[in-house]
Each structure stands twice: as C-alpha cells, then as structure tokens.
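K.L.:
Residues in the sequence shown are numbered from 1 upward in steps of one, following UniProt numbering. Don't be surprised by glycine CBs; every beta carbon is placed ideally from N, CA and C.
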Amino acid sequence: MDSDEYEKKVERVLISLHHNYLPKLADAGLVEYDRDENLVSESGDTTVDTTWLSGEEIDKLLPETQTGTRPDENAIGLIEERENVIEYGQSLADEADEELFCMYVSDDLLEEECIHRAEDAIERGVDIYLGSRNQNVRDIVRQNLPEATLWEPQSDWMRIPPKSSNVGRLMLADRQKVMLALLDEENTSGMPTETAMIGSGLNNPLVVLVRDLLGSRLDHLDYQSDDFRSRLPFEP
C-alpha cells in the first residue's frame with residue numbers, strides 16, 4: 001500500500017469514527033463525544049467495575065447490517081482500578097497466539113511482570129510490536145525484549161484534547177482481543193487512576209473500531225522498526 005492509499009484509508013477510518021463508531025459509543029455512555037469540536041473524552045460515569053454491557057446499550061454500538069455474531073462477541077467491558085487493568089493486560093499477553101500489539105505512554109505503566117509475560121509470549125513464537133514515544137519505555141524494551149519490533153507512534157496518532165483522560169496503554173492480541181486504557185486524575189498515591197475498555201471477538205464493536213484504526217499501521221510496523229530502518233542505505 002503506497003502513501004496515498006494509506007492516507008485515503010486513514011481518512012475513511014476517521015470519517016467512520018466521526019459518523020458511526022464514536023456516536024454509538026457516546027450513546028452507550030462509554031465516552032463523551034462533541035461532534036462540533038470533534039473531541040473525545042472518557043465518560044463521567046465510571047461506577048461500573050468489570051461490568052458487561054448488553055441489551056439496548058450493545059444494540060447502539062452495532063451497525064444495523066451486522067448479523068451472525070454470538071452475543072458474547074457484542075459485549076464491551078469496563079475495568080476499573082490499575083491492578084485490574086494490569087492483570088487483564090497480562091492475560092492478553094498469555095492468550096496471544098500469533099501477534100501482540102502494544103502501546104505505552106510511560107514506563108510507569110510497563111511493569112516488570114509485563115516484561116516477563118512478553119518474554120514468555122516471544123518464546124511461544126508470538127510476534128510482539130511495542131510502540132511508545134517515551135524514551136524510557138523504548139530503552140527498557142531494547143534492553144529486555146530485543147526480539148520485539150519497536151516503533152515510535154506519530155504524535156497525532158490519537159488526538160486527545162487537553163484536560164481530559166488520555167490513552168495510557170493499548171493492547172491488541174491476534175487482532176481480535178483488545179484493551180484500551182484511559183488515564184485520569186492522580187489518586188492519593190500520586191498515580192493516575194486507570195479505566196479500561198475491553199472487547200473480544202472478530203466482530204466485537206470495540207475490536208472492529210481499533211482494528212480499523214490500526215490495521216494499516218500494523219502492516220507498516222516492520223518498515224518503521226529501528227532494526228529495519230538501520231539497515232536501509234538511506235534515511236526513510
């Protein structure tokens with residue numbers, strides 16, 4: 001896929017997000033979406049702990065033409081508290097069979113046990129792609145996970161407005177299980193609170209959303225990796 005085709009696909013995904021997915025997520029109460037300003041933030045209602053949405057709320061997330069899916073594939077879960085988010089992320093690493101795509105904004109989120117789970121996944125033959133703009137994260141990965149493909153996301157990969165929750169970590173296992181974690185205000189321990197949205201299944205609305213947004217990016221990761229670029233006779 002050349003650059004023009006890639007840009008066109010990104011534009012189509014952004015249009016789909018604006019007109020289809022984000023309004024449905026907002027209607028279900030998962031995010032707050034300002035159509036006029038094109039801004040997305042975490043919903044103020046985060047009282048549910050690992051509660052699965054169903055019924056009318058799930059129907060709002062599904063395109064009317066979607067058929068033949070199992071009920072559990074339509075569920076989007078919410079996980080509260082950092083410890084629970086970490087545990088679920090580690091389970092995704094354990095369950096990955098072929099590919100694990102991760103993004104971290106800070107080395108505070110990259111726990112030692114997460115590194116161990118990634119090492120185990122690599123030993124099983126899982127391809128790991130880890131992206132971060134944080135230099136400490138990149139150094140940790142280079143030192144501890146040399147087999148992983150390391151890359152640096154573009155600064156505008158996901159536009160999150162100031163004074164709202166920010167994406168803290170993203171994990172996508174085998175392109176069919178996803179966890180998208182948001183960071184909010186710091187708690188009494190000085191760490192930001194963390195809430196994650198999770199989904200599982202090829203046709204799960206959250207999985208489809210993330211996969212559509214990142215699909216082409218995943219196909220370009222080998223080109224963006226430090227190892228690949230270091231072997232090029234010219235600057236990409």
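Taking the Cβ atom as the reference point for each residue, do V126 and Y104 lie within a distance shorter than 9 Å?
P.N.:
No, these two residues do not count as a Cβ contact at 9 Å.
K.L.:
From P153, G77 and V85, pick the residue whose C-alpha is nearest to that of T193; which is it?
P.N.:
Nearest of P153, G77 and V85 to T193, Cα basis: V85.
K.L.:
Please determine if the segment 110-118 and the segment 136-151 are in contact, where contact requires at least 3 C-beta pairs separated by less than 8 Å.
P.N.:
Yes, the segment 110-118 touches the segment 136-151.
K.L.:
I need the straight-line Cα distance from S106 to N203, nearest angstrom please.
P.N.:
Cα to Cα, the separation comes out at about 30 Å.
K.L.:
Which partner residues of R142 appear in the DSSP bridge assignment?
P.N.:
Bridge partners of R142: none, in fact.
K.L.:
Is V92 near A181, with beta carbons less than 9 Å apart?
P.N.:
What sits at residue 92 in the sequence shown is Leu, not Val. Taking 9 Å as the Cβ cut-off, L92 and A181 do not qualify as a contacting pair.
K.L.:
Alpha carbon to alpha carbon, what distance is there between G89 and R124?
P.N.:
About 17 Å.
K.L.:
Among N134, L213 and S200, whose alpha-carbon lies nearest the alpha-carbon of E95?
P.N.:
Looking at the Cα atoms, S200 is the closest of the given residues.
K.L.:
Report yes if the C-beta distance between A196 and I79 is below 9 Å; otherwise report no.
P.N.:
Yes, the pair counts as a contact, with Cβ atoms nearer than the cut-off.
K.L.:
Any idea if M171 is buried or exposed, counting beta-carbon neighbours within 10 angstroms, 16 or more meaning buried?
P.N.:
Label assigned to M171: buried.
K.L.:
How big is the Cα-Cα spacing for V208 and D139?
P.N.:
Going from the Cα of V208 to the Cα of D139 covers about 31 Å.
K.L.:
When the Cα of E83 is compared with those of L213, D212 and M191, which residue comes out closest?
P.N.:
Residue M191 is the option with its Cα nearest to E83.
K.L.:
Report, in whole angstroms, the separation of the C-beta atoms of G168 and E152, which I expect to be a contact under 8 Å.
P.N.:
Not confirmed; about 17 Å, so no contact.
K.L.:
For A181, which three-state DSSP category applies?
P.N.:
If DSSP states are grouped into helix, strand and coil, A181 belongs with the strands.
K.L.:
Could you tell me which of A75, I76 and E81 sits nearest to D184, measuring between CA atoms?
P.N.:
Of A75, I76 and E81, the residue nearest in Cα terms is E81.
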